[in-house]
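> Chains C and X supply the protein sequences, listed in that same order. Using numbering that gives the first Met the number 0, the first residue of the first sequence is number 0, and each one after it goes up by one. Using numbering that gives the first Met the number 0, the first residue of the second sequence is number 0, and each one after it goes up by one. If you scroll down you'll find the structure; I have some questions about it.
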Amino acid sequence: MTVAVITFPGSNCDRDCVTVMNNVVGVAACRVWHGDTSLPAETRAVILPGGFSYGDYLRAGAMARLSPIMSAVHSFAQNGGPVLGICNGFQILCEVGLLPGALLPNRSGRFVCRHVRLKVGSAPKGLLAAFKPGEELTLPIAHGEGNYFADEATLGALEDEDKIAFTYIDADESGNAMVNGSRRSIAGLVGGPTHNVVGLMPHPERRSEERLGGIDGLPLMQALVGGGLS
Amino acid sequence: MTQVACLKDTDVTDMECGLELGLSEDEYHRACEILGRTPNKVELGCFSAMWSEHCSYKSSRLHLRKLPSTGDRVIVGPGENAGVVDIGDGEGVCFKVESHNHPSFIEPYQGAATGVGGILRDVFTMGARPIAAGNLLRFGATNHKKTPHLLAGVVKGIGDYGNCFGVPTVYSDVQFHPSYNGNILVNAFALGIVKNNKIFKGVAQGVGNPIYYLGAKTGRDGIHGATMASDSFSENEEADRPTVQVGDPFKEKLLLETCLACFETDILVGIQDMGAAGLTSSSFEMASRTGAGIVLDLDRIPVREEGMTAYEKMLSESQERMLLVAKKGMENELEAICSRWGLDCVKVGVVADDGMVRLTSNGEQVAVMPARELADEAPQYDRPHNARPTADVDERITAIKRKKIEDVLHTLLQGLTLADRSWIYDQYDREVLIATLADGQKSPASVVQIPDSEKAISLCLVANDWLCSIDSYEGAVRTVGEAALRTVSTGAVPIGVSDCLNYGNPENPEVMHDFVQGVEGLAAACRALSIPVVSGNVSLYNETDQRSVHPTPTIAMVGLLSSSKKRTSGCLKEGDLIFRLGPRSDSLEGARILEQVSLENVRATLHPWDFQELRDLIKLMGTLTNLGFVRSAIPITAGGTAAACIQLCRMTGRGINIELLGPDVMTAFFAEDKPGILIAIPREKEDAFLGNCDKVLTEKLGVAGSDQLNIRHESATISYGVQDLIRFGETQVERLVARKESREAI
């Protein structure tokens, strides 16, 4: 089995994801070039890694959407294949429409790299089945455009359908995330036909080993290949 | 229009033109002599760039030879794009620190961003994949009108470039002083890992081998940047804005991946970044290193603007460009790699064997010049230097002793010297590449794991400009000393140094004296500690309207941990014992808290640090960390023992109870004139610990408690809650920058 980590021009967390899958989770992972038109035949899961695909020109993730590999990723997800979009990968998932909404520039106007407290949604299933409802965890964020936005109707539907995967715990009085302004403090979403697509701004791959300060991100990396799909 | 601007590429120049481009009369005559005729405009432009202070080190070269640059671990020393030091297992660390002061003052965002881009290229040009970046910044007074704008722009520029490129920025040292009001310092550092048998150099070799241009297109930005960087500022520096380059980190990332892919193959003979003085310096230096010649067809240079002249193409400092020499017959392989990453890769010339650089434009030859004379034989100056008068006593010491200890401590906590740098650090991605074990906020030096290895490296950047403005020799000595104490505090062994020497106008004999003394201080300390200086850069003319910056030699020190498990954890448990290693400081001379009386330092002769004492201390820390005895360690530096205690509490989130001895409370709290480290060890290790300390003076100061910092002296006791200490530090930087934002809102 193989985990395909897509490398766009400007991806910079692709190697990190491969390292964690290979050395920590213990499954084979490889980088797949964005210009390819199909995933390796043995692909069991796909990661869209963090970085600045196409330098974030136009809009974060907007150009990567047009990369040749994306139609294969799209079909893979529609067929129930596990897809994890981290940071820039989350932005790309929103741009291609696998997840709703968009990521705007942070409310502060500044890039922010920090450890944040997160809360798992109320009914985690699919790729999130390893988590308990409402479980708290700490993950690092590192982004300039992580301010989640969608219209009220979409936000309401996300909540009703339990598609909010993670929220930031620190919120302002309107319920928006203190750290970047995300509506309803949304840090990550789940979607796809079998809750098989997860996008989030925090970096689970950076919290998969104790030597790096904790393993709160490991269950999500393991879920990509360890069943956990209901 | 100026004289030079009126000329066409091949028009013959005169002395006026030479002076306009920053050459002296003698230098112009020398240029004519070398060519055996009068240089045309293109040729004069090349002389001007290659013989600028920035490229030729003409005022500093004589003195730089004093720095020790050899050692068992040194694989590549000064003179290449970056230095390389052996770390075992066939690998080396490749690193360098470099200034981008002038552009960052004129245009802080782009100036700082391209500083980061330039230093990253210096490292990956050698064949190394960058794994860590850092910086040292100096801004003007906190209440100066330009400071908030410059701080915000520089930090954003550094962050945006490094974050997009994908290298963790793990260390940042930021201080403020009015001497930098008109000339800030932006020193950028990068470090990469290289296979020792796959190190690439900037050499042109093999007659007939093709020369390629790789990367971004050439525009009119940064023309004569190197010459600008070798000049002083006057009040109307805004007119210099077009000489600042514009950076594109995305392009740089593509360039990195392309270069690393090329290095995996057998295609390349040599490679050099087009940094300061662009195509001129890269071509002349590559030819000069081997004695080969280079023929370039400037019509083939990819350009982003129409109608660029040969002169402009040679002197543009457009970013993200490389000059490559490939093996003949491998052209197709090279072009295939470059097109995969979507970069321009164009054959622009060929290697010759006559030691000459020949340029053609519009089908005709526009310049013929000997490479070595321009690259390596720039005039050298032994500029006159005179000591400044020194004062016997610093009146501020008496004045500060009259103050109440509570007030001095409170002012220290409210000020920016010790303030939390989260507002700055948060804008840097510090964890990409999943190897950061500690950044500079949580540790006296950052620690980064080496990929696929048990080993880790430490890095820190130190500039003790406060002390250097008092005593430029001893200040430089203590800069190296502090960097070494920071390094060993993490558990690492110092293995190499890169230096960035920021001084004012070398034609001023007192500034030149500071420079010479500074180099000699660095040399003496590095020699005494057996740490080689393997790379570096000199930035002179840091002055505005004849006011120089503080003498600021920046030291970037790299240390090696044989196992990342030996890293000092940086925690504190209740009951841990707190010791000072090293002699007790007994004088407030040079103490940082004197800034509370006046920011104007008095020239004096500081008490010299004893190298034997320093060596013993370093050795002892190595023994203790190897034995796993050290829970936390912090060097005693600016703000003395009290400041070290505050930082220990902030870093660990835990309190300590300390008792300080000494003739008077102010000296006991704040003196910092001897090398020392504050360490915490587990109580049960006390006897074993003391058994190892025979050569080093130690003093038990207290014990770790719960949530209070208590410092007692026979004449006073102070107490702070740890959470208050943390909160006090949190907002100063943000408030400083907010001054800019509130003004913008109006």
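C-beta atoms are modelled at their ideal positions from N, C-alpha and C, and glycine is treated no differently.
Verify the CB distance criterion: does Asn-9(C) have a CB-CB separation below 8 Å to chain X?
Numbered from 1 along the first sequence, position 10 holds the residue referred to as residue 9(C). First, the residue type needs correcting, since residue 9(C) is Gly and not Asn in the sequence shown. Yes, Gly-9(C) counts as interfacial toward chain X.
> Where are the alpha helix (DSSP H) runs, 4 residues long or more, that stay fully inside the region 624 to 653 of chain X, in chain order?
Segments of the alpha helix (DSSP H) lying fully in the region 624 to 653 of chain X: 639 to 651.
> Following the continuous alpha helix (DSSP H) through Gly-199(X), name the residue where it begins and the one where it ends.
If you number the second sequence from 1, residue 199(X) lands on position 200. Going by the sequence as given, residue 199(X) is Phe instead of Gly. Where Phe-199(X) is concerned, there is no enclosing alpha helix (DSSP H), given that its DSSP letter is neither H nor E.
> Please report whether the beta-carbon of Pro-201(C) lies at a distance below 8 Å from any beta-carbon of chain X.
Your numbering for residue 201(C) matches position 202 in the first sequence. Chain X, which has no Cβ nearer than 8 Å to the Cβ of Pro-201(C), makes this no.
> Taking only beta-carbon atoms, is Phe-89(C) less than 8 Å away from chain X?
Walking along the first sequence from the start, residue 89(C) turns up at place 90. So no, Phe-89(C) is outside the interface.
> Compute the distance between the beta-carbons of Pro-674(X) and Gly-480(X), then report whether it is under 8 Å.
On the second sequence, residue 674(X) is found 675 positions in, with the first residue counted as 1. On the second sequence, residue 480(X) is found 481 positions in, with the first residue counted as 1. Result yes, Cβ atoms of Pro-674(X) and Gly-480(X) sit closer than 8 Å.
> Tell me which residue opens and which closes the beta strand (DSSP E) that Ser-538(X) is part of.
Residue mapping note: residue 538(X) aligns to position 539 of the second sequence, counting from 1. Note, Ser-538(X): beta strand (DSSP E), 532 to 538.
> Let me confirm a value: Leu-660(X) is counted as buried when at least 16 other C-beta atoms fall within 10 Å, else exposed. Which label applies?
Here residue 660(X) refers to the residue found at position 661 of the second sequence. Exposed.
> Are the CB atoms of Ala-390(X) and Arg-602(X) nearer to each other than 8 Å?
The residue you call residue 390(X) lines up with position 391 of the second sequence. The residue you call residue 602(X) lines up with position 603 of the second sequence. Cβ distance < 8 Å, so Ala-390(X) and Arg-602(X) count as in contact.
> Just curious, the beta strand (DSSP E) that Ala-186(C) is in, first and last residue?
Taking the first sequence and counting its residues from 1, the one referred to as residue 186(C) is at position 187. Counting along the chain, the beta strand (DSSP E) containing Ala-186(C) begins and ends at 185 to 190.
> Exposed or buried, which one is Gly-35(X) when buried takes at least 16 other CB atoms within 10 Å?
Working through the second sequence from its first residue, we reach residue 35(X) at position 36. Burial call: exposed.
> What are the uninterrupted segments assigned as alpha helix (DSSP H) that are 4 or more residues long and contained completely in the region 422 to 484 of chain X, given in chain order?
464 to 467
> Name, please, each residue of chain C whose Cβ falls closer than 9 Å to the Cβ of Val-510(X).
Here residue 510(X) corresponds to residue number 511 of the second sequence, with the count starting at 1. What Val-510(X) touches in chain C: nothing, since even the nearest Cβ is about 37 Å away.
> Can you list, in chain order, the residues of the region 84 to 113 of chain C whose Cβ is nearer than 7 Å to any Cβ on chain X?
Arg-109, Phe-110, Val-111, Cys-112 and Arg-113
> I'd like the list of long-range same chain contacts for Thr-1(X), defined as Cβ closer than 7 Å, with 5 residues on each side in sequence excluded.
The sequence position of residue 1(X) within the second sequence is 2, counting from 1. Same-chain partners within the cutoff: Glu-19.
> Are the C-beta of Lys-252(X) and some C-beta of chain C separated by less than 8 Å?
By 1-based counting over the second sequence, the position of residue 252(X) is 253. It does; some Cβ of chain C falls within 8 Å.
> With the cut-off set at 8 Å, would you say Val-476(X) and Gly-535(X) are in Cβ contact?
Looking up residue 476(X) in the second sequence gives position 477. Looking up residue 535(X) in the second sequence gives position 536. It is not a contact, given that the beta carbons lie outside the stated cut-off.
> Compile a chain-ordered list of the residues in the region 151 to 175 of chain X whose CB is closer than 8 Å to at least one CB of chain C.
Within the region 151 to 175 of chain X, the residues whose Cβ lies closer than 8 Å to some Cβ of chain C are Lys-155, Gly-158, Asp-159, Asn-162, Cys-163, Phe-164 and Gly-165, listed in chain order.
> Nearest chain C C-beta to Arg-630(X) closer than 8 Å, yes or no?
Here residue 630(X) is taken as the residue at index 631 of the second sequence, counted from 1. Taking Cβ atoms only, chain C never reaches closer than 8 Å to Arg-630(X), which makes this a no.
> So, does the region 460 to 474 of chain X touch the region 190 to 207 of chain X, judging by three or more C-beta pairs under 8 Å?
no
> Spell out whether any CB of chain C is found under 8 Å from the CB atom of Asp-13(X).
Locating residue 13(X) in the second sequence gives position 14, where the first residue counts as 1. No, no contact with chain C.
> If the cut is a Cβ gap below 9 Å, which residues of chain C does Gly-490(X) touch?
The residue you call residue 490(X) lines up with position 491 of the second sequence. Contact of Gly-490(X) with chain C by beta-carbon distance below 9 Å is absent, the smallest such distance being about 14 Å.
> Are Leu-415(X) and Trp-340(X) touching if we call contact CB-CB under 8 Å?
For this step, residue 415(X) is matched to residue 416 along the second sequence. For this step, residue 340(X) is matched to residue 341 along the second sequence. No, these two residues do not count as a Cβ contact at 8 Å.
> Just to make sure I have the definition right: I need the residues of chain C whose C-beta is within less than 8 Å of the C-beta of Leu-436(X). Which are they?
Counting from 1 along the second sequence, the entry for residue 436(X) is found at position 437. Those are Arg-210 and Leu-211, listed as they occur along chain C.
> If you reduce the DSSP assignment to three classes, tell me which class Met-620(X) lands in.
Residue 620(X) sits at position 621 when you count from the first residue of the second sequence. Note: Met-620(X) maps to helix in three-state DSSP.
> Please report the straight-line C-alpha distance between His-384(X) and Tyr-540(X), rounded to a whole angstrom.
Walking along the second sequence from the start, residue 384(X) turns up at place 385. Walking along the second sequence from the start, residue 540(X) turns up at place 541. Cα atoms of His-384(X) and Tyr-540(X): separation of roughly 15 Å, rounded to the nearest angstrom.
> If you measure beta-carbon to beta-carbon, which residues of the region 49 to 62 of chain C are closer than 8 Å to chain X?
Gly-49, Gly-50, Phe-51, Tyr-53, Gly-54, Asp-55 and Tyr-56
> Shorter than 8 Å from the beta carbon of Asp-15(C) to some beta carbon of chain X?
The count along the first sequence starts at 1 and reaches residue 15(C) at position 16. For Asp-15(C), the nearest CB of chain X lies under 8 Å from its own CB, placing it at the interface with that chain.
> For Pro-129(X), which beta-bridge partners are listed by DSSP?
Within the second sequence, the letter at position 130 stands for residue 129(X). Gly-191(X).
> What are the start and end residues of the alpha helix (DSSP H) that includes Asp-419(X)?
Here residue 419(X) refers to the residue found at position 420 when the second sequence is read from its first residue. From DSSP, Asp-419(X) is part of no alpha helix (DSSP H); its letter is neither H nor E.
> Can you tell me whether Pro-77(X) is buried or exposed, with buried defined as 16 or more other CB within 10 angstroms of its CB?
Taking the first residue of the second sequence as 1, we reach residue 77(X) at position 78. Taking a 10 Å sphere around the C-beta of Pro-77(X), we find 16 or more other C-beta atoms and assign the residue as buried.
> Taking Cβ to Cβ, would you say Asn-709(X) is nearer than 8 Å to Ser-98(X)?
The residue you call residue 709(X) lines up with position 710 of the second sequence. The residue you call residue 98(X) lines up with position 99 of the second sequence. No.
> Assuming Tyr-211(X) is part of the alpha helix (DSSP H), what are its boundary residues?
For the purposes of this step, residue 211(X) is identified with residue 212 of the second sequence, where counting begins at 1. Where Tyr-211(X) is concerned, there is no enclosing alpha helix (DSSP H), although the beta strand (DSSP E) it sits in stretches over 209 to 214.
> Which bits of chain X does Cys-12(C) rub up against, with CB to CB less than 8 Å?
As a position in the first sequence, residue 12(C) is number 13, starting the count at 1. Per Cβ cutoff of 8 Å: Gly-165 and Val-431.
> For Asn-195(C) and Ser-421(X), what's the separation of their Cα atoms in angstroms?
Translated into positions along the first sequence, residue 195(C) becomes position 196. Translated into positions along the second sequence, residue 421(X) becomes position 422. If I take the Cα positions, the gap works out to 37 Å.
> Can you pull the chain X neighbours of Thr-18(C), defined as C-beta to C-beta under 7 Å?
Along the first sequence, read from residue 1 onward, the residue named residue 18(C) stands at position 19. Ordered by position in chain X, the residues that pass the 7 Å Cβ test against Thr-18(C) are Ile-433.
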